[in-house]
Amino acid sequence: MPYALDLLCAHGAFCTHAAGRSTSPLEDMDSRASRTAVALEALLLALPVTALASFGFIAGISYLTQRHLEVYEKAQVIVYLLPMIPLLAGWALIGRFVISGPGSLRSSSNLLWSIAFLGAVIILAAMLAGYWTRQRGFGDPASLRSWVRSYLRELTLGLPAVVPLAHLTFERWVRMSSNPRLERP
Numbered sequence: 423m424p425y426a427l428d429l430l431c432a433h434g435a436f437c438t439h440a441a442g443r444s445t446s447p448l449e450d451m452d453s454r455a456s457r458t459a460v461a462l463e464a465l466l467l468a469l470p471v472t473a474l475a476s477f478g479f480i481a482g483i484s485y486l487t488q489r490h491l492e493v494y495e496k497a498q499v500i501v502y503l504l505p506m507i508p509l510l511a512g513w514a515l516i517g518r519f520v521i522s523g524p525g526s527l528r529s530s531s532n533l534l535w536s537i538a539f540l541g542a543v544i545i546l547a548a549m550l551a552g553y554w555t556r557q558r559g560f561g562d563p564a565s566l567r568s569w570v571r572s573y574l575r576e577l578t579l580g581l582p583a584v585v586p587l588a589h590l591t592f593e594r595w596v597r598m599s600s601n602p603r604l605e606r607p
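Residue numbers (this note's numbering): 423 to 607.
Right under this line is the structure:
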């Protein structure tokens, strides 16, 4: 069995701690395979979420410009436009990594990472708040609470976009911890 693990390791496949080469599968994954995995995650998970948010963004902009709206309606449309900001930050990180590799994650601005993480935090908070509002009976259609509950449900549609972000975060963390020379001062 050790011979089979050594053979797999020699061909660039997953190496285990038992083979004495690594403690993390990501450390042994070459950059090309990791970049391909992130690209597939982005296409299969983040792209549909982005398309849905873009449709909402375009509909919101056209709704704002075509008629006179009450103040609360304008606020509602603006709130629907907010998810585009973290999505764009996430796409910037994905693009940098897929095109330039792991070094680009280390050199990406902390602001870009913070904005992308803000989107993930908002999604998780919306899931928790949506569960809480469902338990508390916020379902009266005539109230503002109904709109809030609906918005929280719609925010949770962004959950698939958290997967590529988690991969990028893990990639940055493992690559930086496996090579201390690459850490920022």
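Ideal placement from N, C-alpha and C gives every residue a C-beta, glycine not left out.
Distance check between L462 and each of W535, L590 and V596 places L590 closest, using alpha-carbon atoms only. For the 8 Å CB-CB criterion, L474 and L579 form a contact. Distance from the Cα of I544 is smallest, within the candidate group G517, L527, I507 and S529, for I507.
Under the three-state reduction of DSSP, E492 is assigned to coil, being neither helix nor strand. In this structure T472 is buried. Its beta-carbon is surrounded by 16 or more other beta-carbon atoms within 10 angstroms. Going by C-alpha positions, S456 is about 9 Å away from G523.
The beta carbons of V584 and A542 sit closer together than 8 Å.
Sequence-distant partners of L509 (beyond 5 residues in either direction) whose C-beta falls short of 6 Å from its own C-beta, in its chain, are T472 and A475. If you draw a 10 Å sphere on the C-beta of G525, you find fewer than 16 other C-beta atoms in it, and that means exposed. Taking all protein chains shown into account, I516 has 16 or more neighbouring C-beta atoms within 10 Å of its C-beta and is therefore buried. Closest in C-alpha terms to I537, from the list A464, A511, S529 and P470, comes A511.
Bounds of the alpha helix (DSSP H) holding T458 are S453 to E463.
Y485 and W595 have their C-alpha atoms roughly 42 Å apart. DSSP places S526 within a helical segment (H, G or I) once states are collapsed to three.
S476 sits in a helix when the DSSP states are folded into three classes. In this structure, the straight-line span from the alpha carbon of L466 to that of V460 is close to 10 Å. If you draw a straight line from the Cα of E593 to the Cα of E492, it comes to about 46 Å. Per the C-alpha coordinates, the member of A548, A464, V520 and F477 positioned closest to P582 is A464.
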